[in-house]
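As structure tokens, the structure follows; a few thoughts come after it.
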Ligand SMILES: CC(C)(COP(=O)(O)OP(=O)(O)OC[C@H]1O[C@@H](n2cnc3c(N)ncnc32)[C@H](O)[C@@H]1OP(=O)(O)O)[C@@H](O)C(=O)NCCC(=O)NCCS
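Numbering (the numbering used here), first residue to last: 12 to 255.
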């Protein structure tokens with residue numbers, strides 16, 4: 012019983028050490044002990060794992076106490092209530108905030124300064140859901156109960172307030188997709204010069220319809236089609252619109 016608990020703990024620790032090795036080139040040459048002793052992202056996630064377990068068992072005070080202590084040492088704040096999958100890695104770490112109702116899938120990578128936060132004082136599910144294999148760049152802010160689809164990349168300093176499609180790259184404020192499935196996004200986001208104008212299109216259709224009706228009325232009444240009549244080109248008299 013105790014043996015299986017220890018092997019579970021060792022497996023959880025190694026999961027996060029391996030995640031650091033796989034995604035941070037700076038771990039090359041660093042021993043497991045060095046990573047555990049000096050990688051704040053790994054330390055914060057391990058502290059979260061303990062706090063989350065204690066919270067699930069309804070232990071009072073300790074979960075938030077561990078979270079507070081971990082934040083004081085690493086600069087990373089993960090609420091014990093958040094749900095985080097395996098293979099999670101926070102690179103550098105300082106300034107990361109993960110809210111209580113955030114949900115994070117497997118093999119997700121966060122850089123320093125990332126916020127998975129709420130937008131106001133509402134209760135209930137109010138923090139983002141991040142699916143598997145997502146990378147979130149430094150300084151990105153993800154606000155509200157948005158979903159970041161699996162395999163997406165969120166650029167550094169992006170502000171995400173809407174859902175992010177799977178396998179896309181979003182950048183900017185507000186965050187918008189610039190790539191989906193590895194291809195650049197075509198359309199309004201990519202071509203600001205030729206934006207569609209539905210109002211102008213409607214006016215053009217109505218104008219053509221009016222001309223057609225005028226022609227039919229002219230034919231029925233035996234009058235000249237206003238389209239074919241000589242346009243009145245006599246200059247208008249009166250005050251000049253140029254003023255002066
Ligand atoms: C977004 C990111 C993941 C690159 O993803 P990608 O799918 O390879 O996208 P690309 O590099 O092809 O960039 C696509 C477009 O978005 C732009 N872009 C990339 N990152 C951007 C960002 N953070 N903000 C604004 N625009 C960005 C590119 O200039 C490019 O524009 P273009 O189509 O006009 O040329 C990467 O740029 C990024 O921000 N990574 C975070 C890294 C980080 O935080 N490092 C911290 C280390 S300490």
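Beta carbons: idealized from backbone N, C-alpha and C, even for Gly.
Terminal residues of the beta strand (DSSP E) in which residue 153 lies: DSSP places residue 153 in the uninterrupted beta strand (DSSP E) bounded by 152-154.
I'd like to confirm something about residue 59: is its beta-carbon nearer than 7 Å to some heavy atom of ligand 1, or not? Every heavy atom of ligand 1 is 7 Å or more from the Cβ of residue 59, so no.
Roughly how many whole angstroms lie between the Cα atoms of residue 119 and residue 141? About 8 Å.
CB-CB under 6 Å to residue 152, same chain, minus the five flanking residues each way: which ones, in chain order? Excluding residues up to 5 positions away in sequence, 126, 170 lie with their Cβ nearer than 6 Å to the Cβ of residue 152 in the same chain.
Where does residue 232 fall in DSSP's three states? Here residue 232 sits in helix by DSSP.
With a cut-off of 8 Å, do at least 3 Cβ pairs link the segment 21-35 to the segment 44-63? Counting Cβ pairs under 8 Å, three or more are found: they touch.
Contact between the segment 129-136 and the segment 174-185 is defined here as three or more beta-carbon pairs at a separation below 8 Å; is this criterion met? Taking 8 Å as the limit for Cβ pairs, the verdict is that the segment 174-185 does not touch the segment 129-136.
Using CA atoms only, rank isn't needed, just tell me which of 84, 77, 121 is closest to residue 98. Comparing C-alpha distances from residue 98 to each of 84, 77, 121 shows the shortest one belongs to 121.
Roughly how many angstroms separate the alpha carbons of residue 192 and residue 160, rounded to a whole number? About 12 Å.
Please name the residue, chosen from 112, 123, 70, that lies closest to residue 158 on a Cα-to-Cα basis. Cα-wise, what sits closest to residue 158 is 112.
Under the criterion of a Cβ to heavy atom distance below 7 Å, does residue 149 qualify as lining ligand 1? Yes, since a heavy atom of ligand 1 falls inside the 7 Å radius drawn around the Cβ of residue 149.
Evaluate residue 44 with the Cβ neighbour count: other Cβ atoms within 10 Å of its Cβ, from every protein chain shown; 16 or more gives buried, anything less gives exposed. Exposed, by the Cβ-count rule.
Check whether the Cβ atoms of residue 145 and residue 131 lie closer than 8 Å to each other. Not a contact, by the Cβ cut-off of 8 Å.
Among residues of its own chain, excluding the 5 on either side of residue 149, which ones have a beta-carbon nearer than 6 Å to its beta-carbon? So the list reads 122, 123, 124, 167, once near-sequence residues are dropped.
To the nearest angstrom, how far is it from the Cα of residue 60 to the Cα of residue 91? Roughly 8 Å between the two C-alpha positions.
Any idea what DSSP makes of residue 57, helix, strand or coil? Collapsing the DSSP output to three states places residue 57 in a helix.
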